[in-house]
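I have placed the structure first, in the form of structure tokens, so that the comments after it can refer back to it.
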Amino acid sequence: HVLDESGLDIDGDGYIDPDGLGDEIVSATTEVIPKELTHDNENQAYHDTIKTKQGAFYATFLCPVPGQPPHWILCFLVCEQDLIAPAKNRLLVHLGITGGTIIVSLFLTTWIGFAIAKPIEDLSRTARNLGQLKLVREPMTKSLIHEVDELGNAIRSMHTGISSFLRYVPQDLLRRYMSSGQTATIDSELTEVTILFADVKDFTSLSEQIEPMILVRQLNEFLETISVCVLEHNGTVDKYIGDAVMAFWNAPIRVPGHAREASSCVLEFSPRMAILQNKWISEGLTPMQIRVGLHTGEAIVGNLGSSVRLNYTIINDAVNLASRLEGLNKAYSTSNLISETTRSMAGFEFLTRPVDIVAVKGKNAPIQVHELMNWAKKATEEEQELARQTSHAWDLYKNQTFKEAEAAYSNILKHYPHDGLAKTMLERCKDLLASPPSAPWSGVYRSRNK
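In this text, residue positions in the sequence shown follow the working numbering: the first is 85, and each later residue adds one.
As structure tokens, this is what we get:
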């Protein structure tokens, strides 16, 4: 059918109803014929979009023969799907390629970022731990960057070096310097400290009886045991002197109740040493007996030495006195001797008994010496009774009632036949009865041995 603008069938005799054509597309086209398309502007084209159940179409209307009849209106229909399908398909392909590229790029970026950042994060954490002296060795991720790997190797070497170095210096001292950023210099201060000396009884004789390598192993096990106890009680291991160990409390960090901490350390060391002695016996080895001396006093604490090498240590008369107390154990057949100063500062948590008033070699001023026996709450009835009887005998001895003191120490030996202190003091009482001292008698025993 060819229709004019009013719907007249050019080839027929009348109008044709567009709805009667039976074609949905034709019907929809006639509905959108533009009214603006007149004889005056027949050469102008008009465009519109037609939507049907069969799809969308682009419609173009125009009058092909302007100014002459018949005034036809031509309509060109192009299926939208036919027009944009190739472009749409290309767009989808491009979007797919772009999306895939973005996803791959994100994955590669994340992987590369992780591969670069994870090793650096591990290095940062390890360096931070080293700065805080947290020497737990953690695995470090291998880096794709050569320089980062080299830095990791350097930090691992530093970790090994610091771990080894800490075996030579107190950790608290090194931590103080690292946190403050200061450099170690020659300096010192006068500080109240509690000093411990411990060594092996009759080490010279043992060294003649035991094979050298076995002796060294036993010695190291003893030093390990006592050093752990010192560190557990906030002490500082100063040095190992052959078969002896020197330690102190209240430096480089302040330790409230340092005399109590040191006394607790000695008492905790004793049962651990007993376990070690039983181990040696089970191995067929000669057990080592350990003697300990404790004293509290002022000492010069700090870095001593030269510009090329320093030693953090303590010096003063208090140090010598602690060493002499350790040596006095031999004279009284005891194991743990402490000074009156240490006993009074440690408090009443500990069970002690009086030993003697002694002027150690190299000193004129006498000190009261006590044996550290146990914690007061953990002491057995036998230990408490021994301490009570010893205190009674000591009071008699100190008051120059040597006959009564002799009887008191003899009574102790009846109940405790292996008590070396009672044996020593009993002999002292007998000597004083045989050769009475001249007045005034100070009661001071002057030791001639170190």
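Yeah, the Cβ is synthetic: ideal placement off N, Cα and C, and Gly gets one too.
- Proximity to L421 across E222, K202 and A282 peaks at A282, based on C-alpha coordinates.
- In this structure, N395 places its C-beta atom within 8 Å of the C-beta atom of L388.
- For I399, the enclosing beta strand (DSSP E) starts and ends at L394 to I399.
- Where N304 is concerned, the enclosing alpha helix (DSSP H) starts and stops at P296 to E316.
- Buried is the label assigned to Q473, since at least 16 other Cβ atoms lie within 10 Å of its Cβ.
- The Cβ atoms of M509 and Y481 lie closer than 8 Å to each other.
- CA-to-CA, the gap between S241 and I384 works out to about 35 Å.
- I239 sits away from L219, with the two beta carbons spaced by 8 Å or more.
- With 16 or more other Cβ atoms from the protein chains shown falling within 10 Å of its own Cβ, N334 counts as buried.
- Contact check for Y324 against L351 fails: the beta carbons are separated by 8 Å or more.
- When the beta-carbon positions are compared, D271 and G386 come within less than 8 Å of each other.
- Distance from the Cα of S311 is smallest, within the candidate group I168, D327 and I298, for D327.
- Between G377 and E345, the C-beta gap is not smaller than 8 Å, which leaves the two residues out of contact.
- In terms of Cβ geometry, Q302 and W364 form a close pair [threshold 8 Å].
- In this structure, the straight-line span from the alpha carbon of M330 to that of D322 is close to 5 Å.
- Burial check for S407: the Cβ neighbour count within 10 Å reaches 16 or more, so the residue is buried.
- The C-beta separation of T370 from Q293 comes to about 6 Å, placing the pair in contact by the 8 Å criterion.
- No beta strand (DSSP E) of 3 residues or more sits fully in the region 342-372.
- Look at the beta carbons and you see the region 513-528 not touching the region 418-435: under three pairs across the two are nearer than 8 Å.
- The C-alpha of E467 is placed about 11 Å away from the C-alpha of K461.
- The continuous beta strand (DSSP E) containing S272 extends over residues D271 to V284.
- Within its own chain, the residues whose Cβ lies closer than 7 Å to the Cβ of E305, once the five positions on either side in sequence are excluded, are L360, listed in chain order.
- Taken atom to atom, the span from the alpha-carbon of N318 to that of F332 is near 9 Å.
- Around the Cβ of H342, a 10 Å sphere holds 16 or more other Cβ atoms; the residue is buried.
- Shown here, L421 sits in a strand according to DSSP, grouped into three states.
- N458: member of the beta strand (DSSP E) spanning I451 to W459, first to last residue.
- Counting along the chain, the unbroken alpha helix (DSSP H) around E467 starts and ends at E465 to K482.
- Relative to the Cα of P450, the nearest Cα in the group S531, L257, I204 and K172 belongs to S531.
- Taking the C-beta atoms as reference points, L257 is found no nearer than 8 Å to E382.
- Nearest C-alpha to I229 among F198, I337, M429 and I186: F198.
- Contact between L497 and V439 is absent: CB atoms are separated by about 16 Å, not below the 8 Å threshold.
- When DSSP states are grouped into helix, strand and coil, N387 belongs to the strand group.
- DSSP lists R530 as the beta-bridge partner residues of A443.
- Secondary structure at Y252: coil, using DSSP grouped into helix, strand and coil.
- Between the alpha carbons of N362 and P355 lies a gap of roughly 11 Å.
- 8 Å or more divides the Cβ of K507 from the Cβ of R375.
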